[in-house]
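Participant: Its first residue numbered 166, the sequence shown is counted upward by one per residue in the working numbering.
Cβ coordinates follow ideal geometry from the N, Cα and C atoms, glycine included.
Can you read through this structure? Questions will come right after.
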Amino acid sequence: MRKKNEAVLFEGYVDVIAAWEAGVRNGVATLGTAITEEQAKLIRRNAETVIVCYDSDKAGLKATYRAIQILEANNCYVKVAKLPEGYDPDDYIQKHGSEKFRIEVIGANQTTMAFKMNYLRKGRNLQNEGERMQYIEAVLTEITSLSKPIERDHYVRQLAEEFSLSLDALKQELYRLDKSNNRKSINQAKQEAPKFKSNFATKKRLLPAFHNAERMLLAFMMKDVNIASQVQAKIGGNFNIDEYQSIVAYLYSYYAEGNEPNSSQFIQKLPDEKLARIAAEIAMMTVSEELSEQELNDYFKQITNYPRILEIEHKEKERKEAESREDHGLAAKIGMEIIQMKKELKH
166 MRKKNEAVLF EGYVDVIAAW EAGVRNGVAT LGTAITEEQA KLIRRNAETV IVCYDSDKAG
226 LKATYRAIQI LEANNCYVKV AKLPEGYDPD DYIQKHGSEK FRIEVIGANQ TTMAFKMNYL
286 RKGRNLQNEG ERMQYIEAVL TEITSLSKPI ERDHYVRQLA EEFSLSLDAL KQELYRLDKS
346 NNRKSINQAK QEAPKFKSNF ATKKRLLPAF HNAERMLLAF MMKDVNIASQ VQAKIGGNFN
406 IDEYQSIVAY LYSYYAEGNE PNSSQFIQKL PDEKLARIAA EIAMMTVSEE LSEQELNDYF
466 KQITNYPRIL EIEHKEKERK EAESREDHGL AAKIGMEIIQ MKKELKH
């Protein structure tokens, strides 16, 4: 696993042994389909990429769906093996041989989003308009969890092409779902602090992009003073989450005193128990050894764009209010302002 930086996750030891004999030497089993947080953390310490190869029956697919959430919440890059329906890994190897298993099952793995789209199809009659709309809504909800714009665009276009839908309409619905997630996440962070601690790892993927960006930046900043300096020069303390604003201010002060990166020492200096708890949770996140310039810029973009998105939402509300008063001139003027703001946001 360490040599390949990749693990293949099976359900049981029989599959691991069969895969080993088939030449797959980086396999590990959960011994049951319910992967735990501890197992996910242990895997991540040994490999960055995980290929999930559970049974292809209903229970196995459901467990795969759940395993993806837990593994990705622990910063694993997850893929799913293409095991044909009705097989478990041992059965497939016995029937089709080792080479086909390595090439056509493990090697021909799919992205987690492709797996989810196939999984969400099961049991649905997509010829039925109501079930088709439910499927599209479910897929868009999953797309909101993707952090990379290029991935989002790819799967939204795929939906638009498959069902002959307006790409703009799908993007608007995706934006609405994002906005809904933003509100839920912010309310949860501010109003349910005790739950924030216990559910932190498993709910990480549900946080909006700007929130994840702020957490990831803080995790890197606590480990690297140079990254902290770059962030300070670029955006200073302009984080959107109040608690993160406070933590980053204390972190700048900590480094200004000449201290070296030491998350434990830094957390001990925090005067507020709640801030210390949140900082400790962030410090325990698993992050890569290096932060690329592209990743850093993506985080900056997510953080700085969020206030602009809120401003656009406010303008949209003003436009609707003007329309309700039949003040069409004002509504048109605000509409032009919104178009300009969206152009600026895009570029």
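L311 by DSSP, collapsed to three states: which one?
Facilitator: If you number the sequence shown from 1, residue 311 lands on position 146. Three-state DSSP puts L311 in coil, outside helix and strand.
Participant: Between M501 and R473, which are expected to be in contact by the criterion C-beta below 8 angstroms, what is the C-beta distance as a whole number of angstroms?
Facilitator: Sequence index remark: in the sequence shown, residue 501 carries index 336 (1-based). Sequence index remark: in the sequence shown, residue 473 carries index 308 (1-based). Wrong, their Cβ atoms sit about 17 angstroms apart, outside the cutoff.
Participant: Between the beta-carbon of A374 and the beta-carbon of S312, is there less than 7 angstroms?
Facilitator: Taking the sequence shown and counting its residues from 1, one reaches residue 374 at position 209. Taking the sequence shown and counting its residues from 1, one reaches residue 312 at position 147. Yes.
Participant: Pick out whichever of A421, A448 and L416 has its Cα sitting closest to the Cα of K434.
Facilitator: Here residue 434 corresponds to residue number 269 of the sequence shown, with the count starting at 1. For the residues A421, A448 and L416, the minimum Cα distance to K434 belongs to L416.
Participant: Since V217 and T229 are thought to touch, with beta carbons under 8 angstroms apart, how far apart are those beta carbons, to the nearest angstrom?
Facilitator: Numbered from its first residue, the sequence shown carries residue 217 at position 52. Numbered from its first residue, the sequence shown carries residue 229 at position 64. That belief holds up - the Cβ atoms of V217 and T229 are roughly 5 angstroms apart, short of 8 angstroms.
Participant: If you compare alpha carbons, which of K439, S331, I208 and F385 is closest to S457?
Facilitator: Locating residue 457 in the sequence shown gives position 292, where the first residue counts as 1. Ranking the options by Cα distance to S457, first place goes to F385.
Participant: Per DSSP, what are the beta-bridge partners of A194 in this structure?
Facilitator: Translated into the one-based positions of the sequence shown, residue 194 becomes position 29. Note: A194 sits in a beta bridge opposite F175.
Participant: Do the CB positions of V173 and N191 come within less than 7 angstroms of each other?
Facilitator: Walking along the sequence shown from the start, residue 173 turns up at place 8. Walking along the sequence shown from the start, residue 191 turns up at place 26. It is a contact, given that the beta carbons lie within the stated cut-off.
Participant: Can you tell which of L305, L332, H479 and Y252 has its C-alpha closest to the C-alpha of K223?
Facilitator: On the sequence shown, position 58 is the one that residue 223 refers to. Out of L305, L332, H479 and Y252, Y252 has the C-alpha closest to the C-alpha of K223.
Participant: Taking V270 as part of the beta strand (DSSP E), name the residues at either end of that continuous run.
Facilitator: Mapped onto the sequence shown, residue 270 falls at position 105. Counting along the chain, V270 falls outside any beta strand (DSSP E), and DSSP gives it neither H nor E.
Participant: Roughly how far, in whole angstroms, is the beta-carbon of Q467 from the beta-carbon of A378, given that I think they are within contact range, below 8 angstroms?
Facilitator: The residue given as residue 467 occupies position 302 in the sequence shown. The residue given as residue 378 occupies position 213 in the sequence shown. About 4 angstroms; that satisfies the 8 angstroms criterion.
Participant: Could you tell me the distance, in whole angstroms, from the CA atom of S411 to the CA atom of V193?
Facilitator: Position 246 of the sequence shown, counted from the start, is the residue given in the question as residue 411. Position 28 of the sequence shown, counted from the start, is the residue given in the question as residue 193. Cα to Cα, the separation comes out at about 42 angstroms.
Participant: If you measure between the beta carbons of T309 and D333, is that distance less than 7 angstroms?
Facilitator: Here residue 309 is taken as the residue at index 144 of the sequence shown, counted from 1. Here residue 333 is taken as the residue at index 168 of the sequence shown, counted from 1. Result no, Cβ atoms of T309 and D333 do not sit closer than 7 angstroms.
Participant: State buried or exposed for P254, treating a residue as buried only when at least 16 other CB atoms are found within 10 Å of its CB.
Facilitator: As a first step, residue 254 must be located in the sequence shown, where it is residue number 89. When all chains shown are included, P254 counts as buried.
Participant: Which of the three DSSP states is assigned to K344 in this structure?
Facilitator: As a working note, residue 344 is residue 179 in the sequence shown. Correct three-state label for K344: helix.
Participant: Along the beta strand (DSSP E) that carries I216, what are the first and last residues, could you check?
Facilitator: Along the sequence shown, one-based indexing puts residue 216 at 51. Looking at the DSSP string, the run of the beta strand (DSSP E) that includes I216 is T214 to V217.
Participant: Please report the distance separating the alpha-carbon of V270 from that of Y464.
Facilitator: Sequence index remark: in the sequence shown, residue 270 carries index 105 (1-based). Sequence index remark: in the sequence shown, residue 464 carries index 299 (1-based). The alpha-carbon atoms of V270 and Y464 are separated by roughly 35 angstroms.
Participant: In chain order, what residues of the same chain have a beta carbon less than 7 angstroms from the beta carbon of A358, not counting five sequence neighbours either side?
Facilitator: The residue given as residue 358 occupies position 193 in the sequence shown. Note on A358: pLDDT 42, under 50, position unreliable in the model; the coordinate value appears next. If we look at A358 and ignore the five residues flanking it on each side, its Cβ neighbours are K439.
Participant: Please tell me whether N170 and E213 are closer than 7 angstroms, where the distance is taken between their beta carbons.
Facilitator: In the sequence shown, residue 170 corresponds to position 5, counting from 1. In the sequence shown, residue 213 corresponds to position 48, counting from 1. In this structure, E213 lies closer than 7 angstroms to N170 by Cβ.
Participant: Whole angstroms are fine: how far does the CA of T201 sit from the CA of R210?
Facilitator: Position 45 of the sequence shown, counting from 1, holds the residue named residue 210. Position 36 of the sequence shown, counting from 1, holds the residue named residue 201. Rounded to whole angstroms, R210 to T201 spans 15 angstroms at the Cα level.
Participant: Give me the Cα-Cα distance between I503 and N424, rounded to the nearest whole angstrom.
Facilitator: Position 338 of the sequence shown, counted from the start, is the residue given in the question as residue 503. Position 259 of the sequence shown, counted from the start, is the residue given in the question as residue 424. Those two C-alpha atoms are separated by around 45 angstroms.
Participant: Hey, S226 and Y284 are a contact pair by Cβ (cut 8 angstroms); roughly how many whole angstroms apart?
Facilitator: Taking the sequence shown and counting its residues from 1, one reaches residue 226 at position 61. Taking the sequence shown and counting its residues from 1, one reaches residue 284 at position 119. The displayed chain sequence assigns Leu, not Ser, to residue 226. Yes, they are in contact, since the Cβ atoms of L226 and Y284 sit about 6 angstroms apart, within 8 angstroms.
Participant: Alpha carbon to alpha carbon, how far is D437 from E491? Give it in angstroms, no decimals.
Facilitator: Within the sequence shown, numbered from 1, the residue matching residue 491 stands at position 326. Within the sequence shown, numbered from 1, the residue matching residue 437 stands at position 272. Taking the straight line joining both Cα atoms gives about 51 angstroms.
Participant: Taking only three categories from DSSP, how would you classify Y419?
Facilitator: The residue labelled residue 419 in the question sits at position 254 within the sequence shown. Note: Y419 maps to helix in three-state DSSP.
Participant: Which of the three DSSP states, helix, strand or coil, is assigned to V243?
Facilitator: As a first step, residue 243 is located in the sequence shown; it is residue number 78 there, counting from the start. The answer is strand: DSSP assigns V243 an E or B state.
Participant: Answer yes or no: do K281 and E302 have a C-beta to C-beta separation smaller than 7 angstroms?
Facilitator: Indexing the sequence shown from 1 puts residue 281 at position 116. Indexing the sequence shown from 1 puts residue 302 at position 137. The answer is no: Cβ separation not under 7 angstroms.
Participant: Just how far apart, CA to CA, sit S363 and E316?
Facilitator: The residue labelled residue 363 in the question sits at position 198 within the sequence shown. The residue labelled residue 316 in the question sits at position 151 within the sequence shown. Low local confidence applies: a pLDDT of 37 at S363 is under 50, so the model's placement there is unreliable, with the coordinate-based value given in what follows. About 30 angstroms.
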